[in-house]
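Residue numbers (my numbering): 4 to 45. Cβ coordinates follow ideal geometry from the N, Cα and C atoms, glycine included. Encoded as structure tokens, the structure appears first; notes follow it.
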Amino acid sequence: MADGKSYQEALGNAEQMIDEWIETATSLGRPIPQPKGRLAYA
């Protein structure tokens, strides 16, 4: 979950968290799921 003062800030924060999660999972040798497309409610 991410938030921000604007939609753009919240989206940027979410993208940063995704990048950090992928980096951590990769360093731990965990699989990274493939994207399944865009969410209908996002």
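Using the three-state DSSP reduction, which class does residue i fall into: helix, strand or coil?
i: ILE21; result: helix
i: ALA37; result: According to the sequence displayed, residue 37 carries Gln and not Ala. The answer is coil: DSSP assigns GLN37 none of H, G, I, E or B.
i: SER9; result: coil
i: LEU14; result: helix
Please report the Cβ distance between residue i and residue j, rounded to the nearest whole angstrom; I am assuming they are in contact, meaning their Cβ atoms lie under 8 Å.
i: ALA5; j: ASN16; result: 4 Å
i: ILE35; j: ILE25; result: 6 Å
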